[in-house]
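S.K.:
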Amino acid sequence: MPETLPNLHHLELFYHVASSGGITAATRAMPYGIQQPAVSGQVAQLEKDLGVRLFQRRPFKLTPAGKELHDYLAPFFSALPEVCSRISGKASRRLRLAAPVTLIRDHLPAVLSSVRKVQPDLELFLTDADQGSAFEMLEREEVDLAVTELVERPPSGVRHETLISMPLVLLLPPGFTSPKSGVSGIAAALPLVRPPDFAAVSRLFSKGLDKAGIRWPASIEVNSLELVHTYVAKGFGAGLSIAAPGIRIARGVTSLELGNFPKLAIAALWRGKLNPLAELVLSGLRERAKG
1 MPETLPNLHH
11 LELFYHVASS
21 GGITAATRAM
31 PYGIQQPAVS
41 GQVAQLEKDL
51 GVRLFQRRPF
61 KLTPAGKELH
71 DYLAPFFSAL
81 PEVCSRISGK
91 ASRRLRLAAP
101 VTLIRDHLPA
111 VLSSVRKVQP
121 DLELFLTDAD
131 QGSAFEMLER
141 EEVDLAVTEL
151 VERPPSGVRH
161 ETLISMPLVL
171 LLPPGFTSPK
181 SGVSGIAAAL
191 PLVRPPDFAA
201 VSRLFSKGLD
211 KAGIRWPASI
221 EVNSLELVHT
231 YVAKGFGAGL
241 SIAAPGIRIA
251 RGVTSLELGN
261 FPKLAIAALW
271 RGKLNPLAEL
281 VLSGLRERAK
291 G
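All residue numbers in the sequence shown are consecutive under full-length UniProt numbering, ending with 291.
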């Protein structure tokens, strides 16, 4: 028994030689180009590694050991092209995408409708994800494309493209007049309604407050921007939101853009080369981001 397992490529070459009835015939039949001396040398190395002769050269004939090895290899290598074709076919119509639920709900349907015209049998796997979980899924290669808020630099090997940068806004309740002192005056006058500390929009807002020297802790934390809008419209305080396509301001609510605060970037992220379906989705998202 050999001390180490034989080289898989050498086994593949032997399979083609045995199936074709010789080295010369194998070089003509193989699916990729390789010179006869290279085949001969690598098959000879396989025989050396195994410690047995696998075939006689002229006339070509498998030895008992060669026939046993070929019979073992044939089911795998003969079925490999069909299996690869089947896997490739499934991959060509499958798209795994991670994004926040608001994007999946409000923006992706229009983009995916266009993609389905190109690929009617599209198989979709959509996952709700924030920046942290999107990074993790990309690292584990569980998704083909992620679209999410981008606050930190992506991990090494993850490519990204910013689709849109949106300014933060303060929503002021009905009947409230914004003071001339701006954000500091609003902070002194009203409770703050915003998403939790870990949310990207809240983290950016905190950076802006720190830079301005303003302390304004949240009085009401809610888990979505929709709820921020609802509670501001009901008069519970000033709310943190973004100036984003599709977000409507309730009647009576005033929106104050925070020009000196960091903007919220929405980016597409992926590893390696995008498959054609992911390219189509990314193209559609670019167009949608342009408005």
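In this text, a Cβ means the ideal position worked out from N, Cα and C, and glycines have one as well.
Tell me, to the nearest whole angstrom, how far the beta carbon of Gly-66 is from that of Phe-55; I am working on the premise that it is less than 8 Å.
M.R.: 5 Å
S.K.: Which value, in whole angstroms, describes the spacing of the CA atoms of Ala-146 and Gly-259?
M.R.: Cα to Cα, the separation comes out at about 28 Å.
S.K.: Kindly indicate which three-state DSSP category Asp-128 falls into: helix, strand or coil?
M.R.: strand
S.K.: Beta carbon of Val-193, beta carbon of Val-143: below 8 Å?
M.R.: no
S.K.: Per DSSP, Trp-270 forms a beta bridge with which residues?
M.R.: Arg-159
S.K.: Let's test the definition: count the other Cβ atoms within 10 Å of the Cβ of Leu-108 and tell me whether it reaches 16, buried, or not, exposed.
M.R.: buried
S.K.: From which residue to which residue does the beta strand (DSSP E) around Leu-172 run?
M.R.: 168 to 172
S.K.: Whole angstroms is fine: what's the gap from Asp-106's alpha carbon to Lys-273's?
M.R.: 27 Å
S.K.: Once you ignore the five residues that flank Leu-225 on each side, which residues in its own chain have a CB closer than 6 Å to its CB?
M.R.: Ser-241
S.K.: State buried or exposed for Met-1, treating a residue as buried only when at least 16 other CB atoms are found within 10 Å of its CB.
M.R.: Any reading at Met-1 is ruled out, since the residue's pLDDT is 49, under 50, leaving its predicted position unreliable.
S.K.: Tell me whether Gly-41 sits in a helix, a strand or coil according to DSSP, three-state version.
M.R.: helix
S.K.: Flag this pair as touching only if the segment 244 to 260 and the segment 127 to 144 have three or more C-beta atom pairs under 8 Å; answer yes or no.
M.R.: no
S.K.: Classify Arg-96 as buried or exposed, calling it buried when 16 or more other Cβ atoms lie within 10 Å of its own Cβ.
M.R.: Classification of Arg-96: buried, given that the 10 Å Cβ count is 16 or more.
S.K.: Give the straight-line distance between the Cα atoms of Ala-79 and Pro-31, rounded to the nearest whole angstrom.
M.R.: 14 Å
S.K.: Strictly by DSSP, which residues pair up with Phe-77?
M.R.: In the DSSP output, where bridge partners are listed per residue, Phe-77 has none listed.
S.K.: Quick check: what's the CA-CA separation for Arg-94 versus Trp-270?
M.R.: 15 Å
S.K.: Taking Ile-23 as the reference, which of Thr-4, Leu-5, Leu-8, Ala-44 has the closest Cα?
M.R.: Ala-44
S.K.: Identify which residue in Gly-237, Ser-206, Val-222, Thr-4 has its Cα closest to the Cα of Val-151.
M.R.: If we check each option's Cα against that of Val-151, Ser-206 comes out closest.
S.K.: Let me check understanding here. Comparing Cα to Cα, which of Leu-285, Thr-4, Leu-8 lies closest to Thr-148?
M.R.: Leu-285
S.K.: Counting only runs of 3+ residues fully inside the segment 192 to 260, write out the beta strand (DSSP E) ranges in chain order.
M.R.: 192 to 194, 238 to 242, 254 to 257
S.K.: Please classify Gln-56: does DSSP put it in a helix, a strand, or coil?
M.R.: strand
S.K.: Helix or strand or just coil, what does DSSP make of Ile-23?
M.R.: Helix, per DSSP.
S.K.: In the DSSP assignment, what residue or residues form a beta bridge with Ser-165?
M.R.: Ala-265
S.K.: Which of the three DSSP states, helix, strand or coil, is assigned to Val-151?
M.R.: coil
S.K.: Let me know the secondary structure DSSP gives Ser-114 once reduced to three states.
M.R.: helix
S.K.: Are the CB atoms of Pro-174 and Val-222 within a distance shorter than 8 Å?
M.R.: Cβ distance not < 8 Å, so Val-222 and Pro-174 don't count as in contact.
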